[in-house]
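Here's the structure we're looking at; comments come further down.
Protein chains: 2
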Amino acid sequence: MHNEKLQDVGEFGLIRRIQRQVGGGDHLVLGIGDDCSIQRQDNSWELLTSTDLLIEGVHFNRQWISMEELGRKSAAVNISDIAAMGGRPKSLFLGVACPGDIPVDELESFSRGFVAETNAYDAVLAGGDTCRSLGPLMISVTVQGEVESGRAIRRDGAEVGDAIYVSGTLGDSALALQQLLAGKQPNRYLLARHNTPTARVALGRRLVQEQLASSMLDVSDGILSDLGHILEASGVGAEIELARLPLSDEFRAALQQDGSLLDLALAGGEDYELLLTSPLKNLSEKTLSSVDLTRIGTICSQPGLQVKNQDGSLYRCSRGGFDHFG
Amino acid sequence: MHNEKLQDVGEFGLIRRIQRQVGGGDHLVLGIGDDCSIQRQDNSWELLTSTDLLIEGVHFNRQWISMEELGRKSAAVNISDIAAMGGRPKSLFLGVACPGDIPVDELESFSRGFVAETNAYDAVLAGGDTCRSLGPLMISVTVQGEVESGRAIRRDGAEVGDAIYVSGTLGDSALALQQLLAGKQPNRYLLARHNTPTARVALGRRLVQEQLASSMLDVSDGILSDLGHILEASGVGAEIELARLPLSDEFRAALQQDGSLLDLALAGGEDYELLLTSPLKNLSEKTLSSVDLTRIGTICSQPGLQVKNQDGSLYRCSRGGFDHFG
Chain A
927 MHNEKLQDVG EFGLIRRIQR QVGGGDHLVL GIGDDCSIQR QDNSWELLTS
977 TDLLIEGVHF NRQWISMEEL GRKSAAVNIS DIAAMGGRPK SLFLGVACPG
1027 DIPVDELESF SRGFVAETNA YDAVLAGGDT CRSLGPLMIS VTVQGEVESG
1077 RAIRRDGAEV GDAIYVSGTL GDSALALQQL LAGKQPNRYL LARHNTPTAR
1127 VALGRRLVQE QLASSMLDVS DGILSDLGHI LEASGVGAEI ELARLPLSDE
1177 FRAALQQDGS LLDLALAGGE DYELLLTSPL KNLSEKTLSS VDLTRIGTIC
1227 SQPGLQVKNQ DGSLYRCSRG GFDHFG
Chain B
927 MHNEKLQDVG EFGLIRRIQR QVGGGDHLVL GIGDDCSIQR QDNSWELLTS
977 TDLLIEGVHF NRQWISMEEL GRKSAAVNIS DIAAMGGRPK SLFLGVACPG
1027 DIPVDELESF SRGFVAETNA YDAVLAGGDT CRSLGPLMIS VTVQGEVESG
1077 RAIRRDGAEV GDAIYVSGTL GDSALALQQL LAGKQPNRYL LARHNTPTAR
1127 VALGRRLVQE QLASSMLDVS DGILSDLGHI LEASGVGAEI ELARLPLSDE
1177 FRAALQQDGS LLDLALAGGE DYELLLTSPL KNLSEKTLSS VDLTRIGTIC
1227 SQPGLQVKNQ DGSLYRCSRG GFDHFG
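Top to bottom, those sequences are chains A and B. Its first residue numbered 927, the first sequence is counted upward by one per residue in the working numbering. Its first residue numbered 927, the second sequence is counted upward by one per residue in the working numbering.
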């Protein structure tokens, strides 16, 4: 169709069209469509790779985040894709297209934050590219990691009856962003959740080593949208119990003022928590993780995703998942 | 120093500052500063990785290149970094930040070109990221390849007495760009050299397999600048003979009209030919390559890079190498 616009097709529609053009390769275990691609490496390990773009005015606003924090976030959100398959990150590659008005010491703050965050996950900055931008600041990050052969936790393994878990708390980052957009200053906790998220690498590793999860991804677009990817890839449906969503004290306090904020926990985005399914009903005891795991629902055979109120009635979220072309 | 600007420090100055912040890793054979990073993979092979940015208004102008050609070029210039170390490309990762005014069929043309070019080198598109751009079209590409362990041809191996070779012809791409900038239509050959360059993968492989080269890189910023990188990394100097520069018939025809164009062959950029050093004086006979190799000079102990006229006098190039922040 001629003159079809991006917003008509959507981010995932475009990705599907590109997928159709692409063939496979013998070395490629898994290509486009999961958190990372998987490639054969040697007998024991597979290579995981993921690439992310962070564009000024789309993903961040320099008014609201320091360059050092932006460096940290750029590394963490990319490493989160390795965590989402249960791998360990090894090497990061950084591309920066930079407007001429950013002073060099600011760029050094950015790379200092990027390197510090990378090293905190036992990975290294191994290469990159820099150039001038006539428009916004644009950052591209590629991460390589590794996972025991055949053990990567993909999106397509959820089975009927599996419990659905999510790590940490939901909605904090989206609430901070909403406050910033409204001209309010979020409190320290919420702002940190937005500007310096944590990749759940240790939890992902534990889930792989103990083979505890049947499917997993990281929550970047909100659990409604992201759980949708698991359901689609696995050919199943799900029920989520609204009362079980893990919320921080800070988020609950805001929710008491405005009940509609609950939708930020469902469809806000940028949580970078792990969302996973498991045949086990007591997973939290098994993972010994420093971050909480909360059971929020169940995989079922009926297609679609239902969010249930405590009385069993259906909850209707006012927001869709985040689509970059929406 | 506060408020130092990018153009004061330059692209390579910024990279050096970032390099100082970065530590190494056990798995990392070679980090920032060559065409690719090198990582241990298994006993026989090492993993090569390189990342490139292509920014509208900086690296390309959509008036002068079709989206399909842009897709081909985006893959080829990145694969050229694998060729520059003698590796074979395996997997590419593509990030596209896209302005809303580009129709979907144009984006599909772009990805069709990218996939076709990738497959032409026996590699696959293995992953990516797409998002909206409020500014220009921005493309990031990361390529992974492999090379026999310990055999990658780096920048730091040139030795005094080595001959200097370059593949193909120089200056064609820069001449096409200069004509486009002046509002003239380049002929078909020159335009193709600018819009759809070829990565010299087969030649690079042959040089590795026969262990024929002591140092190598691909010419992206012009041979003066790029040979400078080899000299700096290897701690040597070089003499180039101007009369030996390989020039196409099309370039020679333009040169007859305007002698100053010769500087485009020295410092124009975007040739994507291989520039290499070798102890062998008859390398062309050994490589059996479909692309010509021309001997253009000699590595010497005296520091610096001298370009000599046929009468032995020094030639002075009016252009420096290309610096993205210059």
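Beta carbons are placed, not taken as given, at the ideal position from N, Cα and C, and that holds for glycine. Values in this document were obtained by computation on a predicted structure and should not be read as measured data.
Nearest neighbour of residue i, chosen from the options [CA to CA]
| i | options | result |
| --- | --- | --- |
| M1142(B) | D1048(B), I1008(B), F1040(B) | I1008(B) |
| I1079(A) | L980(A), V1003(A), G1013(A) | G1013(A) |
| E930(A) | A1023(B), I941(B), D1027(B) | D1027(B) |
| F1036(A) | Q933(A), G1021(A), Y1047(A) | G1021(A) |
| H953(B) | M1064(A), C962(A), A1049(A) | A1049(A) |
| E1136(B) | A1191(B), L1209(B), S1160(B) | L1209(B) |
| L1106(B) | M1011(B), F986(B), G1230(B) | F986(B) |
| S1239(B) | I1166(B), D1184(B), D1031(B), L1033(B) | I1166(B) |
| R1132(B) | L1190(B), K999(B), N1004(B), K1212(B) | K1212(B) |
| Y1241(B) | P1205(B), Q1228(B), G1185(B), G1130(B) | G1185(B) |
| G1053(B) | K1207(A), S1174(A), E1176(A), C962(A) | C962(A) |
| D1098(A) | S1215(A), S1216(A), E1034(A), F1177(A) | F1177(A) |
| K1016(A) | T975(B), P1025(B), A1023(B), S1000(B) | T975(B) |
| I1156(A) | A1128(A), E1085(A), P1205(A) | E1085(A) |
| D1175(B) | P1205(B), Y1115(B), T1224(B), S1216(B) | Y1115(B) |
| G949(A) | C1024(B), R1038(B), G951(B) | R1038(B) |
| P1025(B) | R1081(A), P1025(A), K1110(A), L932(A) | L932(A) |
| G1087(B) | D934(B), T1224(B), S1000(B), Q1111(B) | T1224(B) |
| R1245(A) | L1190(A), D1237(A), K1110(A) | L1190(A) |
| L1231(B) | S1215(B), D1237(B), S1160(B), V935(B) | S1160(B) |
| S1215(A) | N1113(A), V935(A), V1127(A) | V1127(A) |
| Q926(B) | G951(B), R1170(B), V935(B), G1109(B) | Nothing can be reported for residue 926(B): it is not among the residues displayed for chain B, which extend from 927 to 1252. |
C-beta atoms of residue i and residue j nearer than 8 Å
| i | j | result |
| --- | --- | --- |
| T1095(B) | P1029(B) | no |
| Q945(A) | I958(A) | yes |
| K1180(B) | L1101(B) | The question names Lys, but residue 1180(B) in the sequence shown is Ala. Yes, these two residues count as a Cβ contact at 8 Å. |
| L1168(B) | V1233(B) | yes |
| L1150(B) | C1226(B) | no |
| R1221(B) | I1065(B) | no |
| V1069(A) | Q947(B) | no |
| L982(A) | R988(A) | For the record, residue 982(A) in the displayed sequence is Glu; it is not Leu. Contact: yes. |
| T1203(B) | E937(A) | no |
| S1146(B) | G1083(B) | no |
| L1192(A) | G1148(A) | yes |
| D978(B) | V1092(B) | no |
| I941(A) | V955(A) | no |
| L1018(A) | L1051(A) | yes |
| G1163(B) | P1062(B) | no |
| E1032(B) | R998(B) | no |
| D1144(A) | A1046(A) | no |
| D1152(B) | L1103(B) | no |
| A1125(B) | I1005(B) | yes |
| E1034(A) | R943(B) | yes |
| V984(B) | L980(A) | no |
| V1217(A) | L1138(A) | no |
| R1081(A) | D960(A) | yes |
Under 9 Å from the C-beta of residue i: neighbouring residues of chain C
| i | result |
| --- | --- |
| G1026(B) | No chain C is present in this structure, whose protein chains are A and B. |
Open item on the list: Which residues of the region 1004-1019 of chain A have a Cβ closer than 8 Å to any Cβ of chain B? Give them in chain order.
Closed with: K1016, S1017, F1019
- [ ] Give, in chain order, every residue of the region 1073-1100 of chain A whose Cβ lies closer than 9 Å to some Cβ of chain B.
- [x] none
Task: Within the region 1136-1169 of chain B, ranges of the alpha helix (DSSP H) (whole runs, at least 4 residues) - done: 1149-1160
Open item on the list: Under 8 Å: do the region 1064-1084 of chain B and the region 964-978 of chain B share three or more Cβ pairs, one atom per stretch?
Closed with: yes
Task: Contact set between the region 1047-1063 of chain B and chain A, restricted to residues whose Cβ is under 7 Å from the partner - done: V1050, L1051, A1052, G1053, G1054, D1055, T1056, C1057, R1058, S1059, L1060, G1061, P1062
- [ ] Jot down the residue ranges of each uninterrupted alpha helix (DSSP H) in the region 1056-1140 of chain B, minimum 4 residues, whole runs only, in chain order.
- [x] 1098-1107, 1114-1121, 1127-1135
TODO: Determine which residues of the region 970-981 of chain B have a Cβ less than 7 Å from any Cβ of chain A, and write them out in chain order.
DONE: T975, S976, T977, D978, L979, I981
Open item on the list: Taking contact to mean 3 or more Cβ pairs, one atom from each stretch, closer than 8 Å, check whether the region 1118-1133 of chain A and the region 1192-1205 of chain A are in contact.
Closed with: yes
Open item on the list: Residues of the region 1101-1133 of chain B in Cβ contact with chain A at a cutoff of 9 Å, in chain order, please.
Closed with: none
Task: Contact list for the region 950-964 of chain A against chain B, Cβ threshold 8 Å - done: G950, G951, H953, L954, G957, I958, C962, S963
- [ ] Note down, one range per segment and in chain order, each beta strand (DSSP E) of at least 3 residues found wholly within the region 983-1029 of chain A.
- [x] 1014-1024
Task: 4 or more residues per run - each alpha helix (DSSP H) lying fully within the region 1185-1238 of chain A - done: 1188-1193, 1209-1213
- [ ] Residues of the region 1215-1237 of chain B with a CB closer than 7 Å to any CB of chain A: list them in chain order, please.
- [x] none
TODO: For the region 1142-1166 of chain A, enumerate the residues whose C-beta is nearer than 9 Å to any C-beta of chain B, in chain order.
DONE: none
Open item on the list: Residues of the region 1183-1197 of chain B in Cβ contact with chain A at a cutoff of 7 Å, in chain order, please.
Closed with: none
Task: Positions along the region 984-1001 of chain A whose CB lies within less than 8 Å of some CB in chain B - done: V984, H985
Task: Any beta strand (DSSP E) of 3 or more consecutive residues that is wholly inside the region 953-988 of chain A - done: 954-956, 963-966, 971-981
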